[in-house]
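Numbering (the working numbering), first residue to last: 229 to 494.
Beta carbons are placed, not taken as given, at the ideal position from N, Cα and C, and that holds for glycine.
Note that this is a predicted model, so its numbers are computed, not measured.
Below: the structure, in structure tokens.
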Ligand SMILES: [Zn+2]
């Protein structure tokens, strides 16, 4: 069973500068049992960095309309049954289960604030201005704030497919974004500039290796990457190959649409 001391020691070994904000993507279950559970993990993270952010996404609010704009990487009218189960966004809505239990535990802490995007909210400690920078038109604005503050990304037992900053860099590089719809308490809201699919993101692993710091915790990897160097490397990767980071699933509507949009541009 992992102790608080073992977790802290591993995190401190990453040598993330103490004043840098850290965006954490996590799958705590990968590390086996931790004495004190999620509280231990959050305390250890807070010992490492006083400004922490987690994704608090709620794709359970997403509605599939019957009709909509063309070339939008989705099949309209394809999820009528799913629409019946859609949840209304509210500030206490649970985060997606796919984000890991730690992201939900973190969101519930009394000192944590959450941004208000109905699909792509973030939760944070001591990062209110970054959270408040998010708008419906610019869902990834908090990541711009973190990069300006020399932020780091921490992958805690997850691979690059969890790394939302790669979506932010796709947008910086001019990659096509999408419109999605979310249910809220009163209405259905249109959300612009939504990212596509992360299934091809592990293509970034070798590109980021030399700027990543990795430690092992109970045999499982913890990787820290400085955002600004990541932005530099991945923009250059997308400049060399505009189709990089897309997945190869033939049924992936957003990656297929991005490939088609690129063909039309050239
Ligand atoms: Zn895809």
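Contiguous beta strand (DSSP E) elements confined to the region 252-311 occur at 280-283, taking only those with 3 or more residues. When DSSP states are grouped into helix, strand and coil, residue 415 belongs to the coil group. Assigned with DSSP and collapsed to three states, residue 480 falls in coil, not helix or strand.
Between residue 368 and residue 341, the gap from beta carbon to beta carbon reaches 8 Å or more.
Just so you know, the alpha carbons of residue 263 and residue 379 end up roughly 29 Å apart. Fewer than three pairs of CB atoms, one per stretch, sit closer than 8 Å, so the region 445-456 makes no contact with the region 312-327. In this structure, the straight-line span from the alpha carbon of residue 376 to that of residue 481 is close to 33 Å.
Look at which beta carbons fall closer than 7 Å to any heavy atom of ligand 1; those residues are 424, 425, 427, 428, 474, 475, 477, 480, 482 and 483. Per DSSP, reduced to three states, the secondary structure at residue 455 is helical. Secondary structure in the region 299-387: the beta strand (DSSP E) runs of 3 residues or longer, each lying completely within the stretch, are 350-353 and 380-384 in chain order.
Apart from sequence neighbours up to five positions away, the residues of its chain that approach residue 386 with a beta-carbon distance below 6 Å are 253 and 255, ordered along the chain.
Judged by beta-carbon spacing, residue 473 lies within the 8 Å limit of residue 394, meaning their Cβ atoms are closer than that value.
When the Cα atoms are used, residue 487 and residue 471 turn out to be separated by approximately 7 Å.
A direct Cα-to-Cα measurement between residue 412 and residue 435 gives close to 39 Å.
Nearest to residue 392 by C-alpha distance, out of 266, 281 and 306, is 281.
In the DSSP assignment, residue 239 falls within the unbroken alpha helix (DSSP H) covering 232-241.
Closest in alpha carbon position to residue 388, among 296, 458 and 416, is 458. Relative to the Cα of residue 238, the nearest Cα in the group 257, 275, 261 and 248 belongs to 275. The beta carbon of residue 316 sits closer than 8 Å to those of 289, 411, 412 and 413, all from its chain and outside the five residues before and after it, given in chain order. In the displayed model, residue 438 falls within a helix according to three-state DSSP. Cβ neighbours of residue 426 within its own chain (closer than 6 Å, five residues either side excluded): 389.
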